[in-house]
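Colleague: Below you will find the structure I want to go over with you.
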Amino acid sequence: MLGYSLHLQKLNKAADAKSIGVRLGRYCIKHDISVIDIAGQFGVSRQAVYNWFVGKSVPSKLMGEQIAELYSV
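With this note's numbering applied, the sequence shown corresponds to residues -15 to 57, in that order.
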């Protein structure tokens, strides 16, 4: 288990599930997929991915479509 912090898990759980980034976060937490892997796959920083996970920002439309297709979220 990657051990996402309880704080991040709480923030993710409280965030709006309409956001593709928040749904991706829930998927990654559940399936132990690291932020580093997601950041590398989409060419963004780890901080960008954390921001997606908690609803502070959203992926671009194109990335959102790719995320939905790749991760079925």
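The beta-carbon is built from N, C-alpha and C at its ideal position, and this holds for glycine as well.
From a predicted model like this one, the values you see are computed outputs, not experimental measurements.
Return the chain-ordered list of same chain residues with a C-beta closer than 7 Å to the C-beta of residue 7, the five sequence neighbours on each side being excluded.
Modeller: Contacts found: 1, 57.
Colleague: Just to confirm the assignment, what range does the alpha helix (DSSP H) spanning residue 45 have?
Modeller: Looking at the DSSP string, the run of the alpha helix (DSSP H) that includes residue 45 is 45 to 55.
Colleague: Just checking my contact of residue 35 with residue 41 at CB under 8 Å: how many whole Å lie between their CB atoms?
Modeller: With 8 Å as the limit, residue 35 and residue 41 qualify as a contact, their Cβ atoms being about 4 Å apart.
Colleague: Given a cut-off of 8 Å on the beta-carbon distance, is the pair residue 51 and residue 13 in contact?
Modeller: Cβ atoms of residue 51 and residue 13: not closer than 8 Å.
Colleague: Let's see if you can read the secondary structure: which residues bound the alpha helix (DSSP H) around residue 34?
Modeller: 30 to 38 is the span of the alpha helix (DSSP H), which, as asked, contains residue 34.
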